[in-house]
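Chains as they are written, first to last, in this note's numbering: chain A, 391 to 666; chain B, 391 to 666; chain C, 391 to 666; chain D, 391 to 666; chain E, 391 to 666. Glycine is no exception: its CB is placed at the ideal position from the N, C-alpha and C atoms. Reading through the structure tokens given below for one structure.
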Amino acid sequence: MTPDPVTAALPPVPLSVEGASVMHQMMRFRRPEWRALSTMVRSEIVREAVGALTATEHAVEGRQTAVYSLLGHKGDLMFVHFRRNFEELQSAELHLARLGLGDYLAPTGSYLSIVELGIYESTAKVYGALMERGLQPYTEQWKQEIEGTLDRHRQAMAPRLWPEIPATKYVCFYPMDRRRGETKNWYEESLSERQRMMEKHGAIGRRYAGEVRQIISGSTGLDDWEWGVDLFANDPAVFKRLIYEMRFDEVSAVYALFGPFHVGVRVAASDIGGIL
Amino acid sequence: MTPDPVTAALPPVPLSVEGASVMHQMMRFRRPEWRALSTMVRSEIVREAVGALTATEHAVEGRQTAVYSLLGHKGDLMFVHFRRNFEELQSAELHLARLGLGDYLAPTGSYLSIVELGIYESTAKVYGALMERGLQPYTEQWKQEIEGTLDRHRQAMAPRLWPEIPATKYVCFYPMDRRRGETKNWYEESLSERQRMMEKHGAIGRRYAGEVRQIISGSTGLDDWEWGVDLFANDPAVFKRLIYEMRFDEVSAVYALFGPFHVGVRVAASDIGGIL
Amino acid sequence: MTPDPVTAALPPVPLSVEGASVMHQMMRFRRPEWRALSTMVRSEIVREAVGALTATEHAVEGRQTAVYSLLGHKGDLMFVHFRRNFEELQSAELHLARLGLGDYLAPTGSYLSIVELGIYESTAKVYGALMERGLQPYTEQWKQEIEGTLDRHRQAMAPRLWPEIPATKYVCFYPMDRRRGETKNWYEESLSERQRMMEKHGAIGRRYAGEVRQIISGSTGLDDWEWGVDLFANDPAVFKRLIYEMRFDEVSAVYALFGPFHVGVRVAASDIGGIL
Amino acid sequence: MTPDPVTAALPPVPLSVEGASVMHQMMRFRRPEWRALSTMVRSEIVREAVGALTATEHAVEGRQTAVYSLLGHKGDLMFVHFRRNFEELQSAELHLARLGLGDYLAPTGSYLSIVELGIYESTAKVYGALMERGLQPYTEQWKQEIEGTLDRHRQAMAPRLWPEIPATKYVCFYPMDRRRGETKNWYEESLSERQRMMEKHGAIGRRYAGEVRQIISGSTGLDDWEWGVDLFANDPAVFKRLIYEMRFDEVSAVYALFGPFHVGVRVAASDIGGIL
Amino acid sequence: MTPDPVTAALPPVPLSVEGASVMHQMMRFRRPEWRALSTMVRSEIVREAVGALTATEHAVEGRQTAVYSLLGHKGDLMFVHFRRNFEELQSAELHLARLGLGDYLAPTGSYLSIVELGIYESTAKVYGALMERGLQPYTEQWKQEIEGTLDRHRQAMAPRLWPEIPATKYVCFYPMDRRRGETKNWYEESLSERQRMMEKHGAIGRRYAGEVRQIISGSTGLDDWEWGVDLFANDPAVFKRLIYEMRFDEVSAVYALFGPFHVGVRVAASDIGGIL
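Next comes the structure, spelled out in structure tokens:
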């Protein structure tokens with residue numbers, strides 16, 4: 391099928407809007423060193439950590455830090471920070487490092503990203519409408535029109551751009567890429583093909599809506615994969631079912647490359663002492 | 391061969407049922423630090439460890455931890471935990487870490503998964519029967535029918551879903567993926583093609599039934615490979631023969647990607663002191 | 391399209407000019423060891439570090455060292471040294487290592503490169519003109535003519551070859567390669583094809599000119615990737631938008647391979663104590 | 391060439407027989423810690439190690455441990471254990487770890503395998519003969535006939551299945567795989583094609599018979615590569631010449647993937663003190 | 391072009407001659423531990439190191455050790471040992487490790503190889519002449535003739551086979567492979583094709599003869615890559631220009647795979663204290 395000239399000239403980049411700045415920190419707990427401390431010193435350190443982590447346990451104006459106990463050797467603890475910007479993420483990292491507890495945590499991984507909502511479904515429509523009005527891509531007027539569209543989406547989607555971390559028992563975090571192989575290359579697919587595939591993909595996710603909540607963050611240019619995915623559920627087997635089902639979907643089967651998977655159990659700030 | 395329309399519309403995901411939550415922990419033993427302890431302290435630590443590991447050495451309501459002495463540098467000990475759910479796995483990890491012995495163990499690897507039995511052979515039949523009755527995939531009624539089918543399998547297969555760890559002298563554990571290459575992609579194969587290949591694959595395994603026992607666990611979305619495989623045998627050369635023979639089988643030759651292999655010798659909880 | 395004989399005989403290497411020698415050093419801060427020091431000793435070490443880093447904070451005759459606080463586990467600090475040559479880079483490394491602070495920094499990464507400006511757009515023109523004058527590639531006269539051309543570019547581009555590190559709040563550094571795949575191989579593309587693709591690529595960058603400044607350095611034969619890219623911006627989300635948009639561009643979509651991404655917040659030399 | 395129906399039905403797995411269980415252990419020597427010991431303590435540790443290593447220096451009923459001083463950073467020492475079974479390998483590892491010297495050795499690698507002699511040349515003949523007698527693959531009678539054939543080979547090849555470690559000055563150890571690429575896949579080649587290629591490959595090895603001795607061990611299902619190769623020679627340049635010449639041979643050029651290479655100098659047990 | 395029968399029957403391996411045994415050792419300097427020593431102890435250690443390194447600083451009968459200060463985190467020092475054989479390399483390693491300085495050096499890498507000069511240009515001619523005389527490859531007479539040819543080359547090329555390490559200010563060391571891809575495979579190319587490509591490749595090197603000196607060593611079967619390349623120059627930018635220009639050459643563009651690059655500044659033995 392030959393694309394009509396207007397379609398062929400559309401910019402290839404799908405529209406998206408951005409929200410919270412996100413840092414995942416995976417940490418090993420230096421247990422032998424910890425156990426060498428006196429009970430009194432440990433109590434004092436726990437008391438301080440409980441205080442600090444309680445203060446950011448619930449989202450306040452888009453600022454929140456959730457703590458998870460990771461399963462397996464990739465780390466003992468995962469701290470998930472949502473903040474207004476990167477400077478606040480830096481402060482959050484530094485604040486954690488400076489706690490007494492910080493001396494007993496050694497980083498094993500991290501991930502830096504920004505909450506992102508892609509709007510594939512309306513991108514071609516918006517671009518097409520602008521072109522039919524005679525606007526050329528990347529002109530000042532084009533940019534203003536696009537910015538206006540994005541602003542409307544930012545307002546409508548604000549709760550999902552600045553989300554509270556779902557209060558589920560389990561989290562599953564992993565980074566991912568779209569494949570750029572020598573013959574199968576996502577970034578060489580047309581906007582409409584990508585839109586079609588993302589739509590089918592989204593349909594699977596929606597079938598799990600009652601069981602899993604998902605937060606997607608973009609990290610192209612920020613970290614070593616293109617996206618970070620956080621899934622939240624009370625039954626961790628659902629992570630397996632959802633991701634396995636998606637793996638048969640064209641966009642994942644052919645184009646998804648996955649980084650390491652991290653599964654953790656939520657820990658209330660007040661219970662942090664219970665897992666040390 | 392053009393698939394008939396009904397076949398083409400079948401969901402691509404094979405049916406499967408799930409059982410025990412599984413954690414493999416590979417640990418290095420910090421021998422120099424251990425040897426620096428007094429005999430008395432070491433005896434006390436061993437005594438505590440023997441007590442704790444004896445308590446979970448045999449399966450009680452699906453809870454069990456087996457200990458293996460690993461061969462080679464990937465770790466000195468491997469703990470294989472089977473539990474009812476992930477929260478119990480977290481407790482098992484924490485319990486082990488808090489033993490006196492925990493200070494002399496450093497993690498070198500781990501694997502998180504859920505015992506899984508695929509039922510490829512009847513998947514197409516079940517899907518086809520439902521569609522012939524006019525049910526549409528993913529509708530409420532479809533889901534209920536599927537759930538009913540799975541429940542019958544869960545009951546019939548309960549002993550294999552919640553297995554006791556076989557009491558063989560040797561274990562072989564490795565994770566694996568199905569290949570998603572640019573031209574050879576398991577997840578793009580049709581359900582019937584996959585079913586055909588899995589059937590041939592299963593036939594090889596059955597020829598080794600008297601010599602090897604196998605427990606498959608699924609880990610898509612939980613850990614970095616899609617499946618974990620545990621083989622149990624009294625003659626470790628059988629691991630080599632079985633896996634080598636399978637490597638010529640289409641599903642392995644073309645579609646299997648293997649992670650690191652771990653071979654260990656079972657250690658009775660009461661003998662743990664003998665390998666330290 | 392058959393290339394005409396003159397074009398076919400052109401040397402394949404695009405012209406470029408070189409400037410500052412560059413070293414990126416990523417460092418972990420050994421915080422527990424640091425916190426074990428007395429306040430007095432720490433003050434003394436900070437005082438010395440502030441002095442040393444202040445002296446090179448601003449570019450003096452092409453010599454400058456900027457300090458960034460990195461986000462995530464790839465390091466706590468990144469030192470970016472611009473110098474006149476490699477010997478000065480070695481001195482800069484040694485000078486930093488010998489500060490009192492040096493004992494509390496452990497290297498986690500580094501990158502060695504030379505600021506480079508490619509002049510794809512005029513390469514074919516220059517080569518063609520020389521050949522039309524009857525000069526043969528690589529003869530003494532050819533080399534003198536080329537050297538003369540490069541000298542004119544070196545003078546015209548001096549401010550970009552010996553740049554001051556932009557005073558933006560954020561930096562994004564990553565290394566990259568051009569793909570040499572079995573079917574898609576940048577180094578097998580013709581000079582004119584590469585020129586065409588680089589031109590389109592540059593156009594995207596120019597649309598971000600007001601928001602991002604970029605310094606490209608070449609590292610073929612010096613470090614493990616072919617180029618290092620530094621982006622400087624006051625809004626880090628721009629890193630994501632720019633690099634994501636570029637990913638759809640042919641030269642990136644098909645031919646770019648990316649190493650690890652590092653994002654940091656600029657730290658004034660006088661504030662170094664504030665992030666320790 | 392269409393294979394005739396009998397050939398097509400032959401099992402794809404070549405016959406092979408197995409012998410000694412093999413463990414390679416690569417170790418770093420913790421020299422600074424060692425040098426901190428008093429001369430007296432070091433003498434005592436060396437004395438004990440010499441005694442233990444002398445006891446297994448020469449093959450006794452298939453049990454032997456050879457010591458090599460490795461060149462380069464992959465380790466300082468390599469212990470090569472040949473034993474009757476895996477349980478004895480585990481004991482050998484534990485025995486070494488429990489020597490006083492064990493506290494000054496840190497593992498950097500290892501390899502687990504079983505000496506294996508492939509009998510490609512007669513496999514098709516044996517299979518064909520059985521099928522012409524009307525036996526079906528994998529039936530009890532088939533298995534008995536095969537087992538009988540293997541037993542005859544095991545007896546005839548016993549000295550090579552339970553070899554003494556050649557007393558050459560140098561060893562070269564590396565693991566390897568047969569490629570399973572998307573288009574070039576060893577395990578999809580027919581038995582006769584593989585036999586043909588292995589024959590040509592063997593011919594090269596035979597030309598080096600006077601200069602190099604070779605022990606192949608299989609490790610599919612036991613360690614991370616499919617085979618381990620030990621070469622023994624008095625002139626290490628022969629390792630280079632042999633393996634380079636083989637690299638042009640079809641089976642290596644197309645189908646061989648190589649792991650890390652380790653080259654070591656044999657150390658007499660009585661001289662172990664001389665390299666510490 | 392169909393090869394004539396004689397050409398087709400030529401052995402595929404190019405002739406080459408070998409010289410010095412080479413070990414590169416990359417070392418991290420344990421600076422914090424070093425700085426904890428008293429000035430007097432440090433002086434004594436430096437004095438001893440200067441003495442030992444001075445003794446081998448200049449080539450004596452093919453024995454030499456050069457010291458470089460590496461740029462970046464891959465190591466602080468690189469020792470390049472040229473010796474008569476591997477046993478002498480082992481001694482050189484051990485000698486260095488046993489210096490007082492040895493306790494403050496930790497290995498970060500190494501490379502083992504043998505200086506090698508390929509003689510592609512005359513290989514086909516020699517092979518062809520022998521075959522025209524009716525000699526069959528690999529017969530005793532064939533081998534004697536080849537050995538005679540190689541001996542003549544060994545004598546003529548002795549200064550390049552047993553080279554003195556060039557006294558340039560900078561070194562660039564990297565290992566490399568020839569690609570064995572599924573479609574592009576160096577080892578499947580004909581001898582004459584490889585000869586043609588190597589000739590073009592050599593022509594580029596010769597254009598840099600005045601600026602760079604190069605020592606190639608072979609490491610197939612000795613270390614993890616097939617060749618080691620040392621470049622020596624007084625202007626390190628030349629490393630970049632030479633290797634970048636070569637990357638467009640067919641043999642590099644298509645068939646070269648590169649390992650890590652190491653760039654160092656030569657340190658006189660007497661100045662070793664100046665970089666600690």
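Excluding its 5 nearest sequence neighbours in each direction, E506 (chain B) has C-beta neighbours in its own chain below 7 Å: S406, E408, I606, S607 and G608, listed in chain order.
Under the 8 Å criterion on CB atoms, Q480 (chain C) is classed as interfacial with respect to chain E. For M547 (chain B), no beta strand (DSSP E) segment is defined, and its DSSP state is neither H nor E. Taking a contact to require three or more Cβ pairs closer than 8 Å, the segment 630–650 of chain C and the segment 561–575 of chain A qualify as touching. Rounded to whole angstroms, R420 (chain D) and S481 (chain B) show a C-alpha spacing of 36 Å. Rounded to the nearest angstrom, the Cβ distance from L443 (chain A) to T455 (chain A) is 7 Å, consistent with a contact under 8 Å.
With its beta carbon at least 8 Å from every one in chain B, I536 (chain A) lies outside the interface.
Less than 8 Å divides the Cβ of A514 (chain C) from the Cβ of L400 (chain C). Linking A658 (chain C) to W424 (chain C) through their CA atoms gives a straight-line distance of about 20 Å. By the Cβ test, the segment 514–528 of chain A is not in contact with the segment 467–482 of chain A, since fewer than three Cβ pairs between them sit closer than 8 Å. A straight-line Cα-Cα distance of about 11 Å links E537 (chain D) and V516 (chain D). In this chain, the beta strand (DSSP E) harbouring S406 (chain A) covers S406 to F419. Any Cβ of chain E closer than 8 Å to the Cβ of R420 (chain D) would place that residue at the interface, and such an atom is absent.
Close to R570 (chain A), with beta-carbon spacing below 7 Å, are these residues of chain C in chain order: A643.
Residues of chain E whose Cβ lies closer than 9 Å to the Cβ of S500 (chain C) are, in chain order, L461, G462, H463 and K464. In terms of beta-carbon proximity, D613 (chain C) lines the interface with chain E, with at least one pair separated by less than 8 Å.
When only Cα atoms are considered, L495 (chain C) and T446 (chain C) end up about 19 Å apart. Residue contact check for Y510 (chain B) against chain A: no CB pair falls below 8 Å.
Apart from sequence neighbours up to five positions away, the residues of its chain that approach P404 (chain E) with a beta-carbon distance below 6 Å are G508, Y510 and T513, ordered along the chain. Residue pairing by DSSP places D567 (chain D) opposite D:L647 in a beta bridge. Taking a C-beta cut-off of 7 Å against chain E, the contacting residues of the segment 397–411 of chain C are P402, V403 and E408, listed in chain order. The C-alpha of H463 (chain A) is placed about 27 Å away from the C-alpha of G441 (chain A). Counting every other CB atom within 10 Å of its CB across the protein chains shown gives T529 (chain A) a total below 16, marking it as exposed. Inclusion of V653 (chain A) and F629 (chain A) in the CB contact set at 8 Å is warranted, their separation being smaller than that value. Relative to the Cα of G490 (chain C), the nearest Cα in the group E:P422, E:Q545 and E:I504 belongs to E:P422. Per DSSP, the unbroken beta strand (DSSP E) holding Q604 (chain B) starts and ends at R603 to G608. Between K574 (chain C) and Y501 (chain C), the C-beta spacing is not below 8 Å. Shown here, E423 (chain E) sits in a helix according to DSSP, grouped into three states.
If you look at V431 (chain D), you'll find it in the alpha helix (DSSP H) that goes T429 to A445.
About 16 Å separates the beta carbons of G618 (chain E) and W552 (chain E), which is beyond the 8 Å limit, so they are not a contact pair. Between the alpha carbons of R631 (chain E) and F648 (chain E) lies a distance of about 16 Å. Here A439 (chain D) has L489, L491 and I662 as same chain residues with Cβ atoms under 6 Å from its own Cβ, once five neighbours each way along the sequence are excluded. The beta-carbon of T610 (chain C) is placed less than 8 Å from the nearest beta-carbon of chain E. Under DSSP, D620 (chain D) takes part in a beta bridge, and its partners are D:F563 and D:I605.
Annotation: V641 (chain E) to D614 (chain E) spans about 20 Å, alpha carbon to alpha carbon.
Contact between Y564 (chain A) and P650 (chain A) holds, with the beta-carbon distance rounding to 7 Å and staying under 8 Å.
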